[in-house]
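Some notes on the structure that comes next.
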Amino acid sequence: MSLKCPNCGGQVAYDPQLKKVVCDFCRWETAEGDFSELEGRQEYDEEKEKEDALPILMRKRPTQPVLEFAQDEGESEAVMETSLYHCKTCGAKLMLSGTEASTFCGFCGASTIVFDRVSKEARPKWIIPFKLTEEQALTSIKTHFSKGDYIPDKIRELTVDKVHGIYMPYWLFDTYIRRSMTVEATTHDDGTFRYVRDASCHFKKVTLDASARLNNKMSRRLEPFDTDELTDFDVAYLSGYYADRYDVPVEALKNANVKRCREYLDDAILDSCPRVNKRTIGSLSNYTIKNVHEDYEIENVDYGLLPAYFVNLKYDTGRELVMVNGQTGKVVANLPVEKKRIVKKFLKNSLIACPIFMALVYGILSVNMYPAFLILAAITGFMVAGGVSGYKKYKMGRYRMSTGSMTSYTNDREDMT
Amino acid sequence: MIKIVLAIVIGLVLGLVNAAGGTAYGLSKSNIVGGEEASAEDFVKDRRGIVFHDKRDSKKGL
Chain A
1 MSLKCPNCGG QVAYDPQLKK VVCDFCRWET AEGDFSELEG RQEYDEEKEK
51 EDALPILMRK RPTQPVLEFA QDEGESEAVM ETSLYHCKTC GAKLMLSGTE
101 ASTFCGFCGA STIVFDRVSK EARPKWIIPF KLTEEQALTS IKTHFSKGDY
151 IPDKIRELTV DKVHGIYMPY WLFDTYIRRS MTVEATTHDD GTFRYVRDAS
201 CHFKKVTLDA SARLNNKMSR RLEPFDTDEL TDFDVAYLSG YYADRYDVPV
251 EALKNANVKR CREYLDDAIL DSCPRVNKRT IGSLSNYTIK NVHEDYEIEN
301 VDYGLLPAYF VNLKYDTGRE LVMVNGQTGK VVANLPVEKK RIVKKFLKNS
351 LIACPIFMAL VYGILSVNMY PAFLILAAIT GFMVAGGVSG YKKYKMGRYR
401 MSTGSMTSYT NDREDMT
Chain B
418 MIKIVLAIVI GLVLGLVNAA GGTAYGLSKS NIVGGEEASA EDFVKDRRGI
468 VFHDKRDSKK GL
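Protein chains in written order, with the numbering used here: chain A, 1 to 417; chain B, 418 to 479.
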């Protein structure tokens, strides 16, 4: 997988801006999107892949699509030979190329990464090449971090420990789904309304990450990727980057895929019902769904690699992980808080809220409108509920992003069945 | 006089509780970056989009 310059024999790397593979030593470069001159590049037998495509898909209607896969791994699949490395700290297994590849783990940034073996890995069908450079990814992070009220100054300063471009493995599902249902919405003033709906949709290239190491909630936040920019896989795109290998079989994610398509379709159906209020308080909602009938078909599944930057920032004695979508520049992070900033914000909020509430209470007492206290209590209850929910969300997010929990990501995948 | 004292005490308590709620809510908004996920539109490449085959509205009891 490590590619060499045909001019000087040095190591080459893919440049997202030029869309070419460039030699760092003699500045030799390929033509845009044409990597045929590179040495060590495995030629790709397209016919073979068509025959032995991974996965092989079988269709079965109506409710239980069955996916079958090439069982004889290594021989019958479309494969590529690659060097596997193993991180002793977080357990990550990575396919590596590039000059610093064998030094640091792309996930946790630890220097405990060791060569494992040369392995034959399933060859992806698609890839979205990196569009952003490391510098652009860091600029994107800086822009986002400038907006947060509680983000510590040390994080804003962006003391970068390591930046790694990693191609993440994804299964790309094409799914047809049709659902019919009756939605009943109850309103306070106007009775109950009934909506009969029957809707269908072809969802294309729904992305589900195939890495057990990456928490599925975090990887969903990296989305969306623009799948119109998927291009045929070529190992040349990997030069200079890390690539994670898939360790979640497509079979394990088919239900998660259908669940997502179902949610998207139901969302559109509920949107079409005028009296339905989708916002729920706890488990309370103003609608019920009845007489549901579903028909779906997973039409195609492909294996693809999608780009992401993993940025380790130095903070206190440890590191903070920030992910950036290597195509769109979307930043994903759950950052620590600076207590000083929280206290400041709380005092500021109190200075505004206390006089307002004092005036309101005095007004209520003056005109003896005691039932109005219920409104104040409701506002307070709403704010407390919002605060508790915000805090819980933050704590959960911090746990998911912490590098220490990377190794337990497999257990965290609640969408796998 | 009692009304003023009550207004100060109750207003202060309610103000502080609301300020605390608002501050805690801001935590997820400020420090969870990129919290939004992909939507259906990102995966509907078919020009027809989501197709409704049946769409009937009625009021219960009528």
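Positions of the beta carbon are idealized from the N, C-alpha and C atoms, including for glycine.
Taking a contact as a CB-CB distance under 8 Å, the pair R400/A and M218/A counts as one, their CB atoms being some 6 Å apart.
Cβ contact annotation for K393/A (same chain, cutoff 8 Å, sequence separation greater than five): none. If you draw a straight line from the Cα of A31/A to the Cα of K20/A, it is about 6 Å long.
In the DSSP assignment, M168/A falls within the beta strand (DSSP E) that extends over V160 to T187. Cβ neighbours of S366/A within its own chain (closer than 8 Å, five residues either side excluded): none.
Among the residues facing chain A, V434/B is included, as its CB has a counterpart in that chain under 7 Å away.
Between D302/A and W126/A a beta carbon distance of about 6 Å is seen, short of the 8 Å cut, so the two are scored as contacting.
Within chain B, not a single residue places a beta-carbon under 9 Å from that of R262/A; the smallest gap is close to 11 Å. Distance from Y362/A to T175/A at the Cβ level is roughly 60 Å; contact not present, criterion being Cβ atoms closer than 8 Å. Per DSSP, V324/A is one residue of the beta strand (DSSP E) stretching across G318 to N325.
Here the alpha carbon of I467/B sits roughly 9 Å from the alpha carbon of A457/B. Against chain B, a Cβ distance below 7 Å from P224/A picks out A455 and D459. Contacts with chain B at 7 Å (Cβ-Cβ) do not include A210/A. Here the alpha carbons of K344/A and A353/A stand approximately 14 Å from one another.
For Y237/A, the three-state secondary structure derived from DSSP is helix. Below the 7 Å Cβ cutoff, chain B contributes F460 and V461 as neighbours of F203/A, in chain order. Under the three-state reduction of DSSP, Y303/A is assigned to strand. With respect to the 7 Å criterion, L306/A and F203/A are not classified as neighbours on the basis of their beta carbons.
Ranking N216/A, T231/A and Y195/A by CA distance to the CA of V276/A puts Y195/A first. Following the DSSP letters along the chain, one finds F203/A inside the beta strand (DSSP E) bounded by residues G191 to D209. In this structure, P169/A sits near D244/A, with a CB-CB distance shorter than 7 Å.
Distance from the CA atom of I177/A to the CA atom of L270/A, rounded to whole angstroms, is 16 Å. DSSP places I298/A in the strand class (E or B) of the three-state scheme. With respect to chain A, the C-beta atom of V468/B has a partner C-beta closer than 7 Å. Residue range Y242 to D244 is occupied by the beta strand (DSSP E) that includes A243/A. In this structure, A210/A lies near V248/A, with their beta-carbon atoms less than 7 Å apart. Assigned with DSSP and collapsed to three states, K20/A falls in strand.
Ranking K154/A, R221/A and T231/A by CA distance to the CA of E338/A puts K154/A first. Take the alpha-carbon of A137/A and the one of Y241/A: they are about 14 Å apart.
Within 8 Å of the CB of L265/A, the CB atoms of chain B belong to A457 and I467, in sequence order along the chain.
Looking only at E251/A, P336/A, E294/A and V332/A, the smallest Cα-Cα distance to N300/A is reached by E251/A.
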